[in-house]
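Participant: Chains as they are written, first to last, in this note's numbering: chain A, 7 to 294; chain B, 4 to 209.
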Amino acid sequence: MFAAFAPWTGLRPLARALGAVAFCLLAGCATVPNGGDPRDPYESWNRQVFEFNEGFDEAIAKPIATGYRDLLPFEVRVRVRNFFSNIQDLMIGVNNLLQGKPADAWSDWTRFVINSTIGLFGLHDIASEAGLEKHNEDFGQTFAVWGAEEGPYLVWPFLGGGTVRDSFGFVADVAAAPTRWMTSDAAVQWGLWGLFLVNERADLLDAKTILDESAIDKYVARRDFYYARRHDLIFDGNAPRPPRERPPGRDEPRSEAAPADDAPALGSVVRVQSQDDAVFAPVREELL
Amino acid sequence: MIRQFSALLFCAMALFAPRAPADVTPPDELVKTVTLETLEIVSKDQEIQAGNVERIIGLVEAKVLPHFSFDSMTALAMGLNWRKATPEQKAKLIEQFKTLLVRTYASAITSYRDEKFEFLPLRAKPTDTDVTVNVRVLKSGRQPIALDYDMEKTASGWKCYNVYVAGVSLVLNYRTEFANEVRKSGIDGLIEVLEKKNKKLEAEAK
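Below, the structure written as structure tokens:
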């Protein structure tokens, strides 16, 4: 599981071996069922943790978030969202800088200054209205831009699923969270985290219901959604899309099956949505 | 009398026919009009606001569905397995997939509150028959959410065959799930799973 950091330490083979051993112990050497996703070698273990998380969400997180939503007026919840969004802009700027996008970083920090002052401690997102767009960056994305391997998919208790790379990113995000140095009072810190998490979950109530209800297999739907979403975020919304599969003829996808090997390499972070996609290669011309 | 009338009608249609292609609503305009009109109805309808699912579905079926090509969407979600399906299986798959999408995503149109829609100019040549229409949903304290509609030109106007929300295709996201079901129990197995799922959703809505 340390493979994600290995490119810089030069210990890749060792790290990989250690990671493999650690996970075999952890997972009882789970095998990939026939037809499983190669990115998800620990699927059977992950599914168990997923079920646990769903149970936790259903019994505790969702009821709290629902109560919170019903209790607080919409206006108040938007202020809470904006307050945390404003604090996050600091590290979003840092990550943009680390990804070599100083103009975006400058925009994020300008947002922070405007919203912290005119926007009354970030309660109002004045900057967005003024045309300074909110960005979405985190350390997981930064590691991806730096070329770190993504590693296998892991579902963590309470935290949910993500690649090894994003798991390390999450640890870095928490370690660097501005709330940690804004106050030294542990009670205030925990209070802020609690409010942040409840508000986030409340914001996602509708979306999660829709995603779950529309799925045949919730686990697969969530995992594939995660990969597609992260892929889009890493490319700041300009990700190369899977080649356009023309519908017409109402029948057959347009392109004749091309061997997967012919698919152009688009960088390590590029993943087709499933193995089948490789067949619908050649990537659209504008991507090449 | 009727015969004369229909003859007249036919002439009138023939007269206007050459103009028809130019009269097709451009895809970006279509997306904008349908989105704004639907949201307008939603914001004024008390029953929809109160969460009347059947009423929402009725609105979506009348306003939105005519602009979607569900056979293309189903083919996209099926991937390679589409070629293995018989025409009967295809018809069933399209019907069930359509029902599932409408049932689950219709409720999404009531969840917009403080969002603003930004309709981006279309980046395509006038001769293109396959375009992507880009819309953005602006929300306070959040990164704008991209809604991308892949659309194709057909004899009956522009039809949407793929939707991306925040970079995730709502259609392609089904591919692994569909492929897994087909691998497990064949195309008929998948149809059965979808039928069961839709019946359950319908029962829950009541």
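Positions of the beta carbon are idealized from the N, C-alpha and C atoms, including for glycine.
Here the structure is a predicted model, which is why all the values come from computation and not from measurement.
For chain B, check one thing: does any of its Cβ atoms lie closer than 9 Å to the Cβ of A:F118?
Facilitator: For the purposes of this step, residue 118 of chain A is taken as the residue at position 112 of the first sequence. Not closer than 9 Å to any Cβ of chain B, the Cβ of A:F118 fails to qualify, so no.
Participant: For B:G189 and B:N201, what's the separation of their Cα atoms in angstroms?
Facilitator: Locating residue 189 of chain B in the second sequence gives position 186, where the first residue counts as 1. Locating residue 201 of chain B in the second sequence gives position 198, where the first residue counts as 1. About 19 Å.
Participant: Could you check where the alpha helix (DSSP H) with A:G200 kicks off and where it finishes?
Facilitator: As a position in the first sequence, residue 200 of chain A is number 194, starting the count at 1. Here the alpha helix (DSSP H) through A:G200 covers 192–209.
Participant: Verify the CB distance criterion: does A:N101 have a CB-CB separation below 9 Å to chain B?
Facilitator: Taking the first sequence and counting its residues from 1, the one referred to as residue 101 of chain A is at position 95. Closer than 9 Å: no.
Participant: Could you tell me the distance, in whole angstroms, from the CA atom of B:D1 to the CA atom of B:P30?
Facilitator: Any answer about residue 1 of chain B is impossible in this case: the structure gives chain B only from 4 up to 209.
Participant: According to DSSP, B:Y108 sits in a beta bridge with which residue or residues?
Facilitator: Position 105 of the second sequence holds residue 108 of chain B. Partner(s): none; B:Y108 has no beta bridge.
Participant: Label A:L239 either buried or exposed according to how many other C-beta atoms from any shown protein chain fall within 10 Å of its C-beta, with 16 as the threshold for buried.
Facilitator: For the purposes of this step, residue 239 of chain A is taken as residue 233 along the first sequence, with counting starting at 1. That one is buried.
Participant: If you check the beta carbons only, do A:I222 and B:L197 fall under 9 Å apart?
Facilitator: As a working note, residue 222 of chain A is residue 216 in the first sequence. As a working note, residue 197 of chain B is residue 194 in the second sequence. Taking 9 Å as the Cβ cut-off, A:I222 and B:L197 qualify as a contacting pair.
Participant: Could you tell me which of B:T28, B:R58, B:V27 sits nearest to B:T41, measuring between CA atoms?
Facilitator: Within the second sequence, residue 41 of chain B is the residue found at index 38, counting from 1. Considering only alpha carbons, the answer is B:R58.
Participant: B:D117 touches chain A at which residues, Cβ-Cβ below 8 Å?
Facilitator: The sequence position of residue 117 of chain B within the second sequence is 114, counting from 1. Per Cβ cutoff of 8 Å: F80, V84.
Participant: Give the secondary structure of B:D131 by DSSP, where H, G and I count as helix, E and B as strand, and everything else as coil.
Facilitator: Indexing the second sequence from 1 puts residue 131 of chain B at position 128. Of the three classes helix, strand and coil, the one that applies to B:D131 here is coil, per DSSP.
Participant: Which residues does DSSP pair with B:N150 in a beta bridge?
Facilitator: Indexing the second sequence from 1 puts residue 150 of chain B at position 147. Residue identity check: residue 150 of chain B is Leu in the sequence provided, not Asn. B:L150 pairs with B:V138, B:V168.
Participant: Indicate whether the contact test is met: 3 or more Cβ pairs, each with one atom in the segment 103–119 of chain A and one in the segment 115–126 of chain B, closer than 8 Å.
Facilitator: no
Participant: Pull the bridge partners of B:T157 from the DSSP assignment, please.
Facilitator: As a first step, residue 157 of chain B is located in the second sequence; it is residue number 154 there, counting from the start. The partner list for B:T157 (beta bridge, DSSP) reads B:G160.
Participant: Quick check on DSSP: helix, strand or coil for B:E98?
Facilitator: Taking the second sequence and counting its residues from 1, the one referred to as residue 98 of chain B is at position 95. Annotated three-state conformation of B:E98 is helix, per DSSP.
Participant: Quick one: using the 10 Å Cβ neighbour count with 16 as the cut-off for buried, is A:G125 buried or exposed?
Facilitator: To locate residue 125 of chain A, count along the first sequence from 1; it is residue 119. Taking all protein chains shown into account, A:G125 has 16 or more neighbouring C-beta atoms within 10 Å of its C-beta and is therefore buried.
Participant: Per DSSP, what kind of secondary structure is A:G166 in: helix, strand or coil?
Facilitator: As a position in the first sequence, residue 166 of chain A is number 160, starting the count at 1. DSSP places A:G166 in strand when its eight states are reduced to three.
Participant: Where does A:L78 sit, in a helix, a strand or coil, going by DSSP?
Facilitator: Here residue 78 of chain A corresponds to residue number 72 of the first sequence, with the count starting at 1. Secondary structure of A:L78 (DSSP, three-state): coil.
Participant: Could you work out which residue in B:V56, B:K35, B:T38, B:V27 is closest to B:A206 when comparing CA atoms only?
Facilitator: Your numbering for residue 206 of chain B matches position 203 in the second sequence. The option with the nearest alpha carbon to B:A206 is B:V56.
Participant: Are B:L68 and B:K101 close, meaning C-beta to C-beta below 9 Å?
Facilitator: Mapped onto the second sequence, residue 68 of chain B falls at position 65. Mapped onto the second sequence, residue 101 of chain B falls at position 98. Note that the C-beta distance between B:L68 and B:K101 is below 9 Å.
Participant: If you run the structure through DSSP and keep just helix, strand and coil, what is B:F71?
Facilitator: Counted from its first residue, the second sequence places residue 71 of chain B at position 68. B:F71: strand per DSSP, three-state reduction.
Participant: Quick one: which residues of the segment 174–198 of chain B get their C-beta closer than 7 Å to a C-beta of chain A? List them in chain order.
Facilitator: L175, N176, R178, T179, E180, A182, N183, E184, R186, V196
Participant: Using a C-beta to C-beta distance shorter than 9 Å, which residues of chain B count as neighbours of A:F127?
Facilitator: Position 121 of the first sequence, counting from 1, holds the residue named residue 127 of chain A. Within chain B, no residue comes near A:F127; the closest Cβ sits about 13 Å away, beyond 9 Å.
Participant: Counting along the chain, where does the alpha helix (DSSP H) carrying B:E205 start and finish?
Facilitator: Counted from its first residue, the second sequence places residue 205 of chain B at position 202. Element bounds for B:E205: 178–208.
Participant: Answer with buried or exposed for B:K209, where buried requires no fewer than 16 other C-beta atoms within 10 angstroms of its C-beta.
Facilitator: Taking the second sequence and counting its residues from 1, the one referred to as residue 209 of chain B is at position 206. B:K209 comes out exposed.
Participant: Evaluate the contact criterion for the segment 67–76 of chain A versus the segment 171–187 of chain A: three or more CB pairs, one atom per stretch, below 8 Å.
Facilitator: no
Participant: Applying the 10 Å Cβ sphere with the 16-neighbour rule, what's the burial state of A:N102?
Facilitator: Position 96 of the first sequence, counting from 1, holds the residue named residue 102 of chain A. It counts as buried.
Participant: Going along chain B in order, which residues have a C-beta closer than 7 Å to the C-beta of A:S113?
Facilitator: By 1-based counting over the first sequence, the position of residue 113 of chain A is 107. The premise fails here: A:S113 is roughly 12 Å from chain B at the closest Cβ pair, so nothing lies under 7 Å.
Participant: With 9 Å as the limit, tell me which residues of the segment 82–111 of chain B have their beta carbon closer than that to any beta carbon of chain A; keep them in chain order.
Facilitator: G82, L83, N84, W85, R86, K93, L103, L104, R106, T107, Y108, S110, A111
Participant: Closest Cβ-Cβ distance between B:A65 and chain A: below 9 Å?
Facilitator: As a first step, residue 65 of chain B must be located in the second sequence, where it is residue number 62. Not an interface residue.
Participant: Roughly how many angstroms separate the alpha carbons of A:G197 and A:T189, rounded to a whole number?
Facilitator: Within the first sequence, residue 197 of chain A is the residue found at index 191, counting from 1. Within the first sequence, residue 189 of chain A is the residue found at index 183, counting from 1. Computed Cα separation, rounded: 11 Å.
Participant: Among the candidates A:L129, A:F127, A:L203, A:H237, whose CA atom is the shortest distance from the CA of A:V151?
Facilitator: Locating residue 151 of chain A in the first sequence gives position 145, where the first residue counts as 1. Measuring from the Cα of A:V151, the nearest candidate turns out to be A:H237.
Participant: Expressed to the nearest angstrom, what Euclidean distance is found between the alpha-carbon atoms of B:I148 and B:R139?
Facilitator: Here residue 148 of chain B corresponds to residue number 145 of the second sequence, with the count starting at 1. Here residue 139 of chain B corresponds to residue number 136 of the second sequence, with the count starting at 1. Looking at the two C-alpha atoms, the distance is approximately 6 Å.
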